[in-house]
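Taken in sequence, the protein lines are chains R and F.
Heads up, the first sequence is in the numbering used here, so the first residue is 1 and it goes up one at a time.
Heads up, the second sequence is in the numbering used here, so the first residue is 133 and it goes up one at a time.
The structure appears right after this line, and notes come after that.
2 protein chains.
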Amino acid sequence: MKYLDKLRNSGLRPTKQRLQICEILFDTEKTFHFTINELDKKIKDKIDDKISLATIYNTVHAFEKKGYLKQIPINSNQIYFDTNVTGHHHFYDLKDGKLIDLENSDVGPINIKRKINGKKIKSIEVLVKLEE
Amino acid sequence: MKYLDKLRNSGLRPTKQRLQICEILFDTEKTFHFTINELDKKIKDKIDDKISLATIYNTVHAFEKKGYLKQIPINSNQIYFDTNVTGHHHFYDLKDGKLIDLENSDVGPINIKRKINGKKIKSIEVLVKLEE
DNA sequence: ACAGCTATTTAGAACCATTATAAAGTAGAG
DNA sequence: CTCTACTTTATAATGGTTCTAAATAGCTGT
Ligand SMILES: [Mn+2]
Ligand SMILES: [Mn+2]
Ligand SMILES: [Zn+2]
Ligand SMILES: [Zn+2]
């Protein structure tokens, strides 16, 4: 199994459900963005076993904690996740609610000049909203 | 009344509730960030009349539509609003969930090199997450 | 001032994404 | 194989936000 070690090495038991979700999330050429609802639909499409919604939530959160997924900061009634966990940015199309990756090279270096005492920077994310 | 014209000029009737909310939101030296829940508490503290939660939601959304407030893109179970509607950025302290303004001058110019066909850029917002 | 019209407020219900619960099932260690 | 901790699951609960529809209030024209 392709993802057995990935899971074992993170201290996550490689259950059938987790392995199937791994295939949907990580077996693709390109990375992608998704909501839980979209992932649930994709699972129903692509696999014949049923995976409960609770397990989908549990798994996505477990993967996020391990750094295999990240949330995208955006105002929406649903959480958007990203299978691209490298530092990068996003276009957000206000018309259709879709996200498009913006590579670091498309944005250029961002130099935060202000410091906050006792805190360090964990991430810098740019959201570029698009309209017609 | 200080906010009568502001409201009338936007096509919003200057009701007692809207005028009172204006005072809480816009009568301050500094701009600030808030959730609906925090605004509701502040209203209970500062004014003696009761304003229903539905009216608070209605008013905040009306003000946002008129450009007197904006939402801050961030992952949270609640929407964060900002009384600072100029283009600027934010630190987000993951420890306590608080936002701190980052002026454009603290970030430097951001040059988005990539274009999306048929779309134009409405806003560019940077979120800098802080950890210990 | 008054009538008539429309916008607004309101309490409460509904909505719905997410989280909690607790019982049944499963993986891995020994 | 057994034991235990972890995981899955159906289902309920939670909680922020939106909807509903009836009451109220601002505004325009007279
Ligand atoms: Mn199927
Ligand atoms: Mn009071
Ligand atoms: Zn992305
Ligand atoms: Zn701000």
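Idealized CB from N, CA, C, for every residue including glycine.
If we define contact as Cβ-Cβ less than 7 Å, is Q203(F) a contact residue for chain R?
yes
Just verifying my parser: in three-state terms, what is the DSSP assignment at E161(F)?
coil
N84(R): CB within 6 Å of a non-hydrogen atom of ligand 3:
yes
For a test of your reading of the model: does the CB of D101(R) fall under 6 Å from any non-hydrogen atom of ligand 3? Yes or no.
yes
Along the beta strand (DSSP E) that carries L130(R), what are the first and last residues, could you check?
120-131
Y80(R) versus M133(F): straight-line alpha-carbon distance, rounded:
43 Å
Who are the Cβ neighbours of D233(F) in its own chain at under 7 Å, not counting the five residues just before and after it?
N216, H220, H222
T86(R) classed as buried or exposed, judged by whether at least 16 other C-beta atoms fall within 10 angstroms
exposed
Rounded to the nearest angstrom, how far is the Cβ of K138(F) from that of I156(F), given a contact under 8 Å?
Between I156(F) and K138(F) the Cβ distance is about 14 Å, and since that is not below 8 Å, they are no contact.
Does DSSP put I72(R) in a helix, in a strand, or in coil?
strand
Between which two residues does the beta strand (DSSP E) harbouring L99(R) extend?
98-102
Assign L53(R) to buried or exposed, taking buried as 16 or more other Cβ atoms, counted over all protein chains shown, within 10 Å of its Cβ.
exposed
In whole angstroms, give me the CA-to-CA distance for T31(R) and D82(R).
7 Å
Determine the extent of the alpha helix (DSSP H) in which D137(F) is found, giving its start and end residues.
136-141
Segment limits, beta strand (DSSP E) that includes H89(R)
89-93
Which value, in whole angstroms, describes the spacing of the CA atoms of D228(F) and I204(F)?
16 Å
Would you please verify whether the beta carbon of K30(R) is less than 7 Å from any beta carbon of chain F?
no
Classify E45(R) as helix, strand or coil using the three-state DSSP reduction.
The sequence shown places Asp at residue 45(R), not Glu. It is helical.
Cross-chain neighbours of V107(R) in chain F, by beta carbon under 8 Å:
I242, N243, I244, K245
Based on the DSSP secondary-structure assignment, which residues constitute the bridge partners of D214(F)?
H165(F), K202(F)
Got a sec: is the Cβ-Cβ distance from I188(F) to anything in chain R below 7 Å?
no
Mind pulling the chain F residues with CB within less than 9 Å of F91(R)?
I244, R246, I248, K251, I253
Does the Cβ-Cβ distance between S231(F) and K261(F) come in under 7 Å?
The amino acid occupying residue 231(F) in the given sequence is Leu; Ser does not appear at that position. Not in contact: L231(F) and K261(F) (Cβ atoms no closer than 7 Å).
For I206(F) and N141(F), the rounded distance between their alpha carbons
31 Å
Any beta carbon from chain F within less than 7 Å of I124(R)'s own beta carbon?
yes
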